[in-house]
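Chemist:
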Amino acid sequence: MKQTPNANPSPSYRHRVYAVVRQIPPGKVATYGQVAGLVGGCTARMVGYALSSLPDGSDVPWQRVINSQGRISPHGYGLGSLLQRQLLLAEGVALDLTGRIDLSIFGWLAAAR
DNA sequence: CGGCTGACTCTGG
DNA sequence: TCCAGAGCCAGCC
Numbered sequence: 040m041k042q043t044p045n046a047n048p049s050p051s052y053r054h055r056v057y058a059v060v061r062q063i064p065p066g067k068v069a070t071y072g073q074v075a076g077l078v079g080g081c082t083a084r085m086v087g088y089a090l091s092s093l094p095d096g097s098d099v100p101w102q103r104v105i106n107s108q109g110r111i112s113p114h115g116y117g118l119g120s121l122l123q124r125q126l127l128l129a130e131g132v133a134l135d136l137t138g139r140i141d142l143s144i145f146g147w148l149a150a151a152r
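Right, dumping it as structure tokens:
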């Protein structure tokens, strides 16, 4: 089936974000801004809020979504960020000692400024 | 219907 | 490199 990311009428804005995030290949990471751009007509914040409202048991690799700085935001009492880091390492994504990811290498669209 | 919160991003110091 | 403030929209109480 053809995936029409931004041309797919979703019941909710969040579902549309999930569709894009779900297209992120393993071992790669995308920024909120990138996802927002793919979704179209939305800001990076909307993506973050959508993921924050992520339903339980969803197949959305939210862990592959990070901020523009290539870093993990301190979400969920700080426990979620730790979990995300572990998941990324398990995916093969190398994290810097400071917790930074090289978007020019692991970035899905390699949006290195 | 009104108000608050939130996994962001940018610019300046 | 780190800190602070402002702009933004959607969802929930």
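The numbering of the first sequence is the numbering used here, which starts it at 40 and goes up by one.
Ideal Cβ placement from N, Cα and C applies to all residues, glycine included.
Computed from a predicted model, the values in this text were never measured in an experiment.
#1: DSSP three-state label for ALA133, please.
#2: Using only CA atoms, which one of GLY115, ARG110, VAL74, ALA133 lies nearest to SER92?
#3: Can you give the Cα-Cα distance for LEU127 and ALA75, rounded to whole angstroms?
#4: Check whether the segment 99-108 touches the segment 56-71, counting contact only when three or more Cβ pairs, one atom from each stretch, lie closer than 8 Å.
#5: Distance check for GLN125 and GLN73, CA to CA, integer angstroms please.
#6: Our contact map puts SER120 next to SER107 with C-beta atoms below 8 Å; I'd like the distance itself, whole angstroms only.
#7: With the cut-off set at 9 Å, would you say LYS67 and ARG110 are in Cβ contact?
Modeler: Answer, in terms of the structure:
#1: In this structure, ALA133 counts as coil in the three-state DSSP scheme.
#2: GLY115
#3: 21 Å
#4: With the rule of 3 Cβ pairs closer than 8 Å, the segment 99-108 counts as touching the segment 56-71.
#5: Annotation: GLN73 to GLN125 spans about 22 Å, alpha carbon to alpha carbon.
#6: 16 Å between Cβ atoms; not a contact.
#7: no
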